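Heads up: the structure comes next, in structure tokens.
Protein chains in written order, with the working numbering: chain A, 62 to 174; chain B, 281 to 390.
So, in structure tokens, the structure goes:
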């Protein structure tokens, strides 16, 4: 299997622009997770889906962040408008079920200027 | 609260043993995990232990679990410079997503 695929791997944008991060989970996995990692706050769970349905979005920082999972093989995390404090590495992970072993993608490194 | 606690940094010399400690809170966790993150990469599953076990050994890695104290440790024998990374502990509460600690940065000097 190709593992969890994320795109883009790097993104540099200007404050105020819309940013869309993409994730393809491992085939057959029913749960998908979005995380953010910064030096200051470490690894934070933003939102997770089970069978394409958002289960817990309590980690989403504010209304500028939104996530969708239109089908079992694709998810997006959108930031609109982006701000410099959104600069971080964003990881997607998937698992067979929500409480099982998670497999992480390589991450998207976002820099908002 | 739902917190997995780890110390932030550990520094060892090449060839020594490293011990990374973790405390968790949810006694319903079926599995407990150790993930490794190398610089510039995502988290990779390193090893895990089933909650009814006390110890698991895998080559240079030894995982110890004390369920009474909710304490998990990872011992790396003969630590190498390639072991320098961030190590994350995670618990798996019943019916919900894994909960990760903040990570322990292991620095190995030659």
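Cβ atoms here follow ideal geometry from the backbone N, Cα and C, with glycine treated the same way. This one's a predicted model, so the numbers in the text were calculated from it and none came from an experiment.
Span of the beta strand (DSSP E) around residue i
| i | result |
| --- | --- |
| residue 352 of chain B | 351-356 |
| residue 161 of chain A | Per DSSP, residue 161 of chain A belongs to no beta strand (DSSP E) and is neither H nor E. |
| residue 115 of chain A | 114-117 |
| residue 306 of chain B | Counting along the chain, residue 306 of chain B falls outside any beta strand (DSSP E), and DSSP gives it neither H nor E. |
| residue 80 of chain A | 80-85 |
| residue 73 of chain A | 71-74 |
| residue 141 of chain A | Unbroken run through residue 141 of chain A: none, as it is neither H nor E. |
| residue 131 of chain A | 126-132 |
Under the three-state DSSP convention, the category residue i falls into
| i | result |
| --- | --- |
| residue 147 of chain A | helix |
| residue 287 of chain B | coil |
| residue 103 of chain A | strand |
| residue 363 of chain B | helix |
| residue 347 of chain B | coil |
| residue 318 of chain B | coil |
| residue 281 of chain B | Any reading at residue 281 of chain B must be qualified, since the residue scores a pLDDT of 48, below 50, and its modelled position is unreliable; no value is offered. |
| residue 382 of chain B | coil |
| residue 370 of chain B | strand |
Where residue i falls, given that 16 or more other Cβ within 10 Å makes a residue buried
| i | result |
| --- | --- |
| residue 283 of chain B | exposed |
| residue 130 of chain A | buried |
| residue 89 of chain A | exposed |
| residue 154 of chain A | buried |
| residue 70 of chain A | exposed |
| residue 299 of chain B | exposed |
| residue 281 of chain B | Residue confidence for residue 281 of chain B is low, a pLDDT of 48 falling below 50, so the modelled location carries little weight; the figure read from the coordinates is stated next. Classification of residue 281 of chain B: exposed, given that the 10 Å Cβ count is below 16. |
| residue 339 of chain B | exposed |
Pair within 7 angstroms by beta-carbon distance, residue i and residue j
| i | j | result |
| --- | --- | --- |
| residue 349 of chain B | residue 295 of chain B | no |
| residue 334 of chain B | residue 341 of chain B | no |
| residue 169 of chain A | residue 107 of chain A | no |
| residue 328 of chain B | residue 304 of chain B | no |
| residue 363 of chain B | residue 343 of chain B | no |
Next on the checklist: Any C-beta of chain C within less than 9 angstroms: which residues of the stretch 313-337 of chain B qualify?
Outcome noted: Within the model displayed, chain C is absent; protein chains A and B are what it includes.
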